[in-house]
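To start, the structure itself, in structure tokens.
Protein chains: 2
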Amino acid sequence: MHLSPMVQTFALHFGEMGSRWGISRTVGQMYAVLFASPEPMNADQIVEALGVSRSNVSMGLKELQTWNLVHLKHLPDDRREYFTTPDDIWEIVRNLAEERKKREVDPTLSLLRDVMMQNPTSEADKYAQARMGEMHDLIEQLTGWYDDVQKLETERLIALLTLGSKVQKILEMKDRLTLLPGSKPSGETARGRKEARKDTA
Amino acid sequence: MHLSPMVQTFALHFGEMGSRWGISRTVGQMYAVLFASPEPMNADQIVEALGVSRSNVSMGLKELQTWNLVHLKHLPDDRREYFTTPDDIWEIVRNLAEERKKREVDPTLSLLRDVMMQNPTSEADKYAQARMGEMHDLIEQLTGWYDDVQKLETERLIALLTLGSKVQKILEMKDRLTLLPGSKPSGETARGRKEARKDTA
DNA sequence: CATTAGTTTCAGAAATTACTGAAATTACAG
DNA sequence: CTGTAATTTCAGTAATTTCTGAAACTAATG
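Chains as they are written, first to last, in the numbering used here: chain A, 1 to 201; chain B, 1001 to 1201.
So, in structure tokens, the structure goes:
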């Protein structure tokens, strides 16, 4: 590995983490190196940096591209391909979430929906089905929130996260205010959803 | 596999998903079976259900326990150990998140903090360090939100998620109201954070 | 259109991870 | 204690995943 100690530490750790999240160690390291590099890098520079085979880098880059985690660049008077990571780190998180949703969450939801259509052949199956219904609803709840929030610009998203559960306080406050003209309390929407669940189960 | 077609479908899919998230196929299947079972199950029942070796189940159960994903039960007049998954499915998500945070996020934060203390030996390192700083801040932002929200009871959490980005609307509304007495707009906290970032970079 | 730089593919090798059966351990009952 | 049921450990094997080098492909260059 021809890397400064700092980047090396980072790359090794990131590779380790990658391997716990379904990405191979080397691909994780490759991403770390690209992420930390001030300039776009070509495949040979990555080979140089990590001491792995050229073909391995080629495959890794291909994988990173399918995850939308790197951008392809071309430098003038150089026909090699250069790669970078997005400048806005939140974009990275968004792309990652988007891709995992597409690959893992959506198929799971679809399978759970299918199962909900079948009719159970035993008491145990009936229970299993109800349980899967719970899981289906939970995933929908989470992805619904995600879809909603995903659209926000980085600035707004950060504001929302910083707020965290303090929203509750503001909601109460809003309730106190809006209750005056006799409108519905804001907990309503959530409770409505919960009730819907029971019909399905 | 001695399972109803419904649970079998579920278990196979869940095993597949598990393997993409750093859990072995079999452990994923084991969890699916436990999750879908109306009654607590003992190790031999899982062996029976999935057709894997007894020792494999033993190890799998141990792993699930280290993740806090199963509860141990004892039935009267039976000294075998029985296992269940929590009734509240949100508890499962919480435990999972908690454990992953402990194992992956916290060490990463700690490493990033260490790197921030070092002094860079080159321009490239300087950039790398700034980049890691961005990552550090992002993770802290996310885990801060998580820590905050994690404490909420299931009901409240669902309400919050259902609200999603609509909070923004309410914030604006709140701003309009609280601006009257001349107090600060609520975007403040987030923007303050962002500025802090730049000092570090 | 031949040469060459750059990239990808792919079959087999290497490394890692998962699984098994046998032996060891634990923990309870008589 | 002794015997037995339940569980765990672990060394070896099987299966899977990752990685490599050689060959094939692609496309720009003179």
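Using N, Cα and C, we set each Cβ at its ideal position, and we do this for glycine too. Everything numeric in this text was worked out from a predicted model, so none of it was measured.
Would B/Gly1060 count as contacting chain A if we go by Cβ distances under 8 Å? For B/Gly1060, not one C-beta of chain A is nearer than 8 Å to its own C-beta.
Using the beta-carbon of each residue, which ones in chain B are nearer than 7 Å to A/Met17? Neighbours of A/Met17 on chain B, chain order: Glu1104, Thr1108.
Going along the chain, which residues of the region 36-57 of chain A sit with their C-beta nearer than 9 Å to a C-beta in chain B? Here the close residues are Ala36, Ser37, Pro38, Glu39.
Contacts that A/Trp21 makes with chain B (C-beta to C-beta distance below 9 Å): Per Cβ cutoff of 9 Å: Arg1020, Trp1021, Gly1022, Glu1104.
Residue-level contact to chain A via CB, B/Glu1098, 8 Å cutoff: Proximity of B/Glu1098 to chain A, defined by a Cβ-Cβ separation below 8 Å, is not satisfied.
Of the residues A/Leu3, A/Arg20, A/Asp106, A/Thr154, which one's Cα is nearest the Cα of B/Val1105? A/Arg20 is the residue among A/Leu3, A/Arg20, A/Asp106, A/Thr154 whose C-alpha sits nearest the C-alpha of B/Val1105.
Just the chain B side, please: which residues come within less than 8 Å of A/Lys73 by C-beta, in chain order? Here the premise fails: no neighbours, minimum Cβ distance about 17 Å.
Residues in its own chain within less than 6 Å of A/Leu138 by CB, not counting five upstream and five downstream? So no residue of the chain qualifies.
If the cut is a Cβ gap below 9 Å, which residues of chain B does A/Pro120 touch? Residues of chain B with a Cβ closer than 9 Å to the Cβ of A/Pro120 are, in chain order, Ser1004, Met1006.
What do you reckon, are the CB atoms on B/Thr1143 and B/Lys1101 nearer than 8 Å? The beta carbons of B/Thr1143 and B/Lys1101 sit closer together than 8 Å.
Whole angstroms are fine: how far does the CA of A/Ala36 sit from the CA of A/Glu91? A/Glu91 and A/Ala36: Cα-Cα distance of roughly 16 Å.
May I ask which residues mark the beginning and end of the alpha helix (DSSP H) holding B/Lys1102? In this chain, B/Lys1102 is not harboured by any alpha helix (DSSP H), its DSSP state being neither H nor E.
With DSSP as the reference, identify every bridge partner of A/Glu81, one or two as the case may be. According to DSSP, A/Glu81 bridges with A/His74.
To the nearest angstrom, how far is the alpha carbon of B/Ile1170 from that of B/Val1057? Spanning the two alpha carbons is a distance of roughly 50 Å.
In its own chain, which residues sit with a C-beta less than 7 Å from the C-beta of A/Glu63, not counting the 5 before and 5 after it? Same-chain partners within the cutoff: Val27.
Nearest-angstrom Cα separation, counted from B/Met1059 out to B/Lys1126: As the crow flies, the alpha-carbon of B/Lys1126 is around 45 Å from that of B/Met1059.
Which residue wins for smallest C-alpha separation from A/Thr85, given the options A/Asn95, A/Gly51, A/Pro76? Residue nearest to A/Thr85 within the set A/Asn95, A/Gly51, A/Pro76 is A/Asn95 (criterion: CA-CA distance).
So does B/Ile1023 have its beta carbon nearer than 7 Å to some heavy atom of the ligand ZN? The ligand ZN is not part of the structure shown, which contains no ligands of any sort.
Please decide whether B/Phe1083 counts as near chain A, where near means a Cβ-Cβ distance under 8 Å. It does not; no Cβ of chain A falls within 8 Å.
Using a Cβ-Cβ cutoff of less than 7 Å, which residues in the same chain neighbour B/Asn1042 once the five nearest sequence positions on both sides are dropped? Here the set comprises Arg1080, Glu1081, Tyr1082.
Mind reading off the beta-carbon distance from A/Gln29 to A/Leu61? Whole number of angstroms is fine, and I expect it under 8 Å. That pair is no contact at about 12 Å.
Own chain residues within Cβ distance below 8 Å of B/Arg1113, not counting five before or after: Counting only residues of its own chain and dropping the five nearest sequence neighbours on each side, B/Arg1113 has a CB closer than 8 Å to the CB of His1136.
Can a CB atom of chain B be found closer than 8 Å to the CB of A/Arg131? Answer yes: the Cβ-Cβ gap between A/Arg131 and chain B drops below 8 Å somewhere.
Compare the C-beta of B/Tyr1127 with all C-beta atoms of chain A and state if any pair is closer than 8 Å. Among the residues facing chain A, B/Tyr1127 is included, as its CB has a counterpart in that chain under 8 Å away.
Report all residues from its chain with a CB closer than 6 Å to the CB of A/Ser24; omit the five preceding and five following residues, and keep chain order. Cβ neighbours of A/Ser24 within its own chain (closer than 6 Å, five residues either side excluded): none.
Give me the Cβ distance between A/Val7 and A/Val33, rounded to the nearest whole Å; I'm assuming they're in contact under 8 Å. That pair is a contact at about 7 Å.
My output table needs one value for A/Met59: the three-state DSSP class, helix, strand or coil. DSSP places A/Met59 in helix when its eight states are reduced to three.
Status (buried if at least 16 other CB within 10 Å, exposed otherwise) for A/Arg131: Around the Cβ of A/Arg131, a 10 Å sphere holds 16 or more other Cβ atoms; the residue is buried.
Strictly by DSSP, which residues pair up with B/Leu1041? In the sequence as displayed, the identity of residue 1041 of chain B is Met instead of Leu. Under DSSP, B/Met1041 shares a beta bridge with B/Phe1083.
Which same chain residues end up closer than 7 Å to B/Ile1046 when comparing Cβ atoms and leaving out the 5 residues on each side of it in sequence? Cβ within range, chain order: Met1030, Val1033, Val1057.
Could you tell me the alpha carbon to alpha carbon distance between B/His1071 and B/Pro1040, rounded to whole angstroms? In this structure, the straight-line span from the alpha carbon of B/His1071 to that of B/Pro1040 is close to 9 Å.
Check whether chain B comes within 8 Å of A/Leu142, counting only Cβ atoms and requiring the distance to be less than that. For A/Leu142, at least one C-beta of chain B is nearer than 8 Å to its own C-beta.
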